[in-house]
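**Q** Residue numbers (my numbering): 7 to 619. Virtual Cβ for every residue (Gly too), placed ideally from N, Cα, C. Next up is a structure, given as structure tokens.
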Amino acid sequence: MNARGESLALLFVEESPEDCSLVVGSLEREGIAVYSRRVDTPEGFRAALREASWDAIVSDCHTAGFGAERALDMLRESGLDIPLVVVAGLVGEEKAIDLMRRGASDFVPKDRLARLAPALKREVGDARDRVETRLTRARLAETLERHAAAIDSATDGYATVGDDRCFIEVNDALCALAGRRRESLLGRPFLDILENREAVQGALPACAIGAAGQSRLETCIARPDGTQVDIELTLTCRGEGKPEIFLFAHDITARKRHEAELAESNRDGERVRQVLLSVLEDQKEIADELRASEERFRGMLEYNVAAMFMIEDGNVTYANARTGQILGHHDSELLGRPILAFVAPEDHAGIASAVEELTSGRVARAERTFRAIRKDGTFVDMGATASRVMLRGRPVILGTAQDIGERKRAQAEIDRYIAQLEESMTSTLEAVSNLVELRDPYTSGHERRVGDLAAAIGRRMGLAEGVVKGLRLTGYVHDIGKISVPAELLTKPLRLTKTEFELIKAHARAGHDVLKDVNFPWPVAEVILQHHERLDGSGYPRGLKGEEIILEARIISVADVVEAMASHRPYRAGLGIERALEELEAGAGTLYDAEVAGHCLALFREEGFSLGD
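This is the structure in structure tokens:
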């Protein structure tokens, strides 16, 4: 029937064509255009139901043994919702009641056809309303199923909280965050699983009267095993007179850990600066710059709620509001569009491949990073995780994504800061070395040459690059303790007396004491203390033997001896590199580590290493 109710498609169960014409004429006089078909056998009736769509069925009681009773049975078996109106001659009241019980919509005597038009209009309208109601319910069920699937696939925790502040529903992600089974959460007050409950209670939106509102804060979930999970908690009241709260929990444990690591790195850097700046006051400008950088970094990690989306046949069929916020669209503007429309051209191949692999079932889960295109043409770095699920018998891709641009920029800033800190530490140690040389100008360049030689030995031994760097920097300051030795002893042109030599020997412990509280990534203070120890226990200050001397100290001691013998001293001329190497060769295995000595000898005799100026 059309929108004005002026035409009907009618299927007649009637053996008399004249009676059909009589009924059609009656309806047309009422202003109803009729399309009709007449059948008088079960086979014809079944074929008509299969081949066309009918607004209503008009049936006589008896048509050569096939009438309204059999038609009603067959209609019920077909499952079709088509009103059947009985139009017959004289029929007893009991018969009419029986037909109505069987499912007939109405009964109209043939001598009262004026009643037929309003009866058909009424029954067809009611049938149409029933069809529309079923379609509406189906669409609603599909929407609810889609939303439920999206929520269940989310990596963030989600729950609905009732007006009694108890969980009504929770997703798998929240169960995982809480370390609890779903049944142990449902019906339980949501505050029970949280730390800092007073703060959360105070931040609740005013939902008691059903007003819309939202609150966001950071807190912790307390798990049954005693562990805690740092989360960002978002509480949203739906409003519209309904006091339910939607709860979202985003795991920020990794972010908290990065912040703690950065804070610890800052504290270590501060200790390094304070100790070394006590030796070199002219490094104040570097310290000020590092402190300013430290302040800039404290607020650089910012949380964003994850985007959630659904892809079917390569097109976006669901997107939450956060997705639209990231891409600069209203979320409704995303629906029905190809996912590649929001991906930078250079990333099309990777995203298309992931969509195809998920849709085909070759993989069940995929992770990608890519650049997304915003509505204004700008780009945003995204990190996405997607899974393949079956929805209504079809493969659907459910995904979550986050803007990782800020995180990438923050990491780059942290890396730059650490590099700057290391550079500052290196330059400070070099300045300390220069300070020592000012006290002992006759050995100018000694510490630098020792550091360079020690690094070359370490590299030839296959030590890690970080260890090699530590050897070089330790060599640069291994004689820092000489700042405690009277300058006249350092520059005395004659051999020292026993008492004077004991004063000189104290420089190893003095250097250790200066740097022992600095948290270097290398054992700098211990190497300074041990660099005059010898394998046979004849060294100082503690007379250590063999493996009691750490490897770095054994390397520095070899480099120190070779450089000292080869170079000039106030009380003698330089003995030359060959004489120094002979002394090293003679003491290998007794005074000096044999492996270290062997690599040092190979540097000079096989690789042509030079101490330089």
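1) For residue 223, list the residues DSSP reports as bridge partners.
2) Per DSSP, what kind of secondary structure is residue 309 in: helix, strand or coil?
3) Compute the Euclidean distance between the alpha carbons of residue 1 and residue 253, then round it to the nearest angstrom.
4) Determine the DSSP secondary structure at residue 582, reduced to helix, strand or coil.
5) Do three or more CB pairs link the segment 474-491 to the segment 527-538 at distances below 8 Å?
6) How long is the line joining the alpha carbons of residue 19 and residue 398, rounded to whole angstroms?
7) Which residue's Cα is closest to the Cα of residue 255: 200, 207, 273, 269?
8) Would you check if the distance between the CB atom of residue 519 and the CB atom of residue 537 is smaller than 8 Å?
9) At the level of alpha carbons, what is the spacing between residue 312 and residue 478?
10) To the nearest angstrom, how far is it from the Cα of residue 168 to the Cα of residue 59?
11) Mind the definition here: the segment 114-128 touches the segment 48-59 only if three or more C-beta pairs lie below 8 Å; say whether that holds.
12) Cα separation between residue 343 and residue 376?
13) Flag this pair as yes or no: are the beta carbons of residue 74 and residue 66 separated by less than 8 Å?
14) From the DSSP output, in three-state form, read off residue 163 for me.
15) Tell me the residue span of the beta strand (DSSP E) that contains residue 554.
16) Between the C-alpha atoms of residue 321 and residue 176, what's the straight-line distance to the nearest angstrom?
17) CA-CA distance, residue 601 and residue 453?
18) Can you check which of these residues, 14, 404, 116, 231, is closest to residue 127 by C-alpha distance?
19) To which residues of the same chain is residue 197 closer than 7 Å at the C-beta, ignoring the five residues directly before and after it?
20) Exposed or buried, residue 10, counting other C-beta atoms within 10 Å across all chains shown (16 or more means buried)?
21) Going by the DSSP bridge assignment, what does residue 93 pair with across the sheet?
22) Which one or two residues does DSSP pair with residue 384 in a beta bridge?
23) In angstroms with no decimal places, state the Cα-to-Cα distance between residue 46 and residue 72.
24) Do residue 61 and the ligand NAD come close, with the Cβ less than 7 Å from some heavy atom?
25) Tell me the DSSP bridge mates of residue 172?
26) For residue 233, count the other beta carbons within 10 Å of its own beta carbon; 16 or more makes it buried, fewer makes it exposed. Which is it?
27) What are the partner residues of residue 335, as DSSP defines its beta bridges?
28) Give the secondary structure of residue 405 by DSSP, where H, G and I count as helix, E and B as strand, and everything else as coil.
29) What does the alpha-carbon distance come out to for the pair residue 605 and residue 548?
**A** Looking at the coordinates:
1) 239
2) With a pLDDT of 37 at residue 309, under the threshold of 50, the modelled position of that residue is not reliable, and no figure is offered here.
3) Residue coverage of the chain in this structure runs from 7 to 619, which leaves residue 1 outside it and unanswerable.
4) coil
5) yes
6) 39 Å
7) 200
8) no
9) 47 Å
10) 47 Å
11) no
12) 18 Å
13) yes
14) strand
15) Element bounds for residue 554: n/a, residue is neither H nor E.
16) 28 Å
17) 22 Å
18) 14
19) 171, 203, 206, 207
20) Model confidence at residue 10 stands at a pLDDT of 45, short of 50, so the residue's coordinates are unreliable; what they give is reported in the following sentence. When all chains shown are included, residue 10 counts as exposed.
21) 114
22) According to DSSP, residue 384 bridges with nothing at all.
23) 7 Å
24) Here there are no bound small molecules, and the ligand NAD is not part of this structure.
25) 195
26) exposed
27) Partner(s): none; residue 335 has no beta bridge.
28) strand
29) 26 Å
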